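Contents: one structure, followed by commentary.
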Amino acid sequence: MTRDNSPKVAVAMSGGVDSSLAAALLKSDGYDVAGFMLKTWKAEHLLGSHSVIDPIESARSVANTLGIPFEVIDIQAEFREKVVHSFIKDYQNGLTPSPCVFCNRAIKWKAMLDAADRIGAEFVATGHYARVIRDPEGLFELRTGKDGSKDQAYMLCMLTQAELSRTIFPLGEYTKRRVRELAQEFGLPTASQQDSQDLCFLPDGDYRGFLLRYSPEVRKPGKIVDQQGNQLGEHEGLAFYTIGQRKGLGIYRPEPLYVLEKNLERNEVVVGTRAELGHQVMVVEGVNWISGRELDDGSVVDVKIRYKAKPVKGQITVTGKTTVKVEFKTPIRDITPGQIAVFYDDDRVLGGGVINSDR
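Positions in the sequence shown are counted from 1; adding 381 to them yields this note's numbering.
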């Protein structure tokens, strides 16, 4: 039961078990909870084709179970403009984007905080596996979730101190297994619901088909070459290849070949052997120091170059206001322009930015 002076929190509900339990835990802790869903854009040809569960009705059912208000906020137009169009444009430019990271900063947290302000809520909350801790100096630290297999702090590296100061992550201390157990104990209708694995606007995960439908010009055949410029085959379009890719090249050699580089100017896919794959230096741009503190030249930190990548030690050289160079002791595979590099100090997220180059 909430009291008149209970802190109010707006919980973003996706219709899945994680956000459902986040709302349940907050209500159990005495918060005045209001649920809402951000309705994002989804590829029209996939609407209703890959899920028998309507996420809106699922979230509404949870809200009814918990006895909390619930509303749907339509952000489809803005989402398509800022997230989907940018996703397509990045592929057109030879990059491999990470749209969820930028969606969190540019779309979701803004919409959540606007909703919170409208209903007089001090906080917003989500079902992310992450933690926020206030340090002795009053700064807000983003920490990884206790369940390393589900940790989502990487996806939140572009948030700001202002956003962290109003954010609660109720699941940060729990494992996924415990989350499902608690959901059962709360009697939530989403307790056994399967997790989604793909982009919210691309539920079937077929990014190739998506690009061909919404940006057919990405089908631009060109040469597949080795590092000496010798043609080994042909590609269908740079957008359909990513750094480190081995399968689907259509090239047969005694030693497997991998994508080393995508040359946009020459419209060439450069391939090579496993020994040729990897670099010791990368440039990261648009860096957001979420910790509120910039790193000094020479700082050695843990670096993740993809969401599921293992962290490796890298030395930071500050080359601009929001640009750094990262040097590794040994070559790192799969450094991919367009992906996000995130910097850590143990379980503390220091910041992150876009990988621009591996040179």
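Glycine included, every Cβ here is placed at the ideal spot set by N, Cα and C. Note that the structure is a prediction, hence the values are computed from the model and not measured.
Measure the CB-CB distance between residue i and residue j and report whether it falls below 8 angstroms.
i, j, result
"L552", "L402", "yes"
"L520", "S672", "yes"
"V505", "L494", "yes"
"G396", "I437", "yes"
"G667", "T717", "no"
"G734", "N669", "yes"
"K389", "E503", "yes"
"V665", "V730", "no"
"G618", "V606", "no"
"V398", "V560", "yes"
"I488", "F468", "no"
"A393", "S387", "no"
"P692", "V705", "no"
"P712", "G629", "no"
To which residues of the same chain is residue i closer than 6 angstroms at the C-beta, ignoring the five residues directly before and after it?
i, result
"S442", "P570"
"H509", "Q533 and F550"
"F621", "R589"
"E642", "V651"
"E452", "F417"
"E544", "W490"
"A444", "G416 and F451"
"G719", "D471, L476, T477 and P478"
"D728", "R524 and T525"
Note down, in chain order, each residue of its chain lying with its Cβ closer than 7 angstroms to the Cβ of residue i, except the 5 sequence neighbours on either side.
i, result
"G568", "T446"
"I449", "A404, K408, V414, A415 and G416"
"A572", "V398, R561, A564 and Q565"
"F591", "A424 and L583"
"Y595", "I469"
"N474", "L645"
"V482", "M536, C538, M539 and I721"
Since residue i and residue j are thought to touch, with beta carbons under 8 angstroms apart, how far apart are those beta carbons, to the nearest angstrom?
i, j, result
"Y555", "Y688", "So it is not a contact: roughly 20 angstroms between Cβ atoms."
"A656", "I686", "Actually they do not touch by this definition, with Cβ atoms about 19 angstroms apart."
"V406", "R486", "The sequence shown places Leu at residue 406, not Val. With a Cβ gap of about 25 angstroms, L406 and R486 do not count as contacting."
"D715", "I624", "6 angstroms"
"K470", "P584", "Going by Cβ atoms, the distance from K470 to P584 rounds to 21 angstroms, so no, they are not a contact pair."
"A391", "A497", "4 angstroms"
"L580", "P480", "7 angstroms"
For residue i, which residues of its own chain have a beta-carbon under 8 angstroms away from its beta-carbon, when the five flanking residues on both sides are left out?
i, result
"R384", "Low confidence applies here, because R384 scores a pLDDT of 45, under 50, leaving its location unreliable and the question unanswered by this model."
"V681", "K694, G695, Q696 and I697"
"D435", "G396"
"D726", "V682 and D683"
Only counting runs of 3 or more residues, tell me where the beta strand (DSSP E) segments fall wholly within the region 662-689, in order along the chain. 681-685
Tell me whether the region 693-708 and the region 659-678 touch, counting them as touching only if at least three CB pairs, one residue from each stretch, are closer than 8 angstroms. yes
May I ask you to verify whether the region 609-620 touches the region 647-667, counting CB pairs closer than 8 angstroms and requiring at least 3? yes
Taking only runs of the alpha helix (DSSP H) that begin and end inside the region 522-567, which ones reach a length of at least 4 residues, in chain order? 542-545 and 557-567
Start-end ranges of the beta strand (DSSP E) lying completely within the region 618-654, minimum 3 residues: 639-644 and 649-653
Which runs of the alpha helix (DSSP H), 4 residues or longer, sit entirely within the region 448-481? 457-460 and 466-473
Complete alpha helix (DSSP H) runs within the region 567-607 (minimum length 4 residues, chain order): 588-595
Within the region 696-731, ranges of the beta strand (DSSP E) (whole runs, at least 3 residues): 704-713 and 721-726
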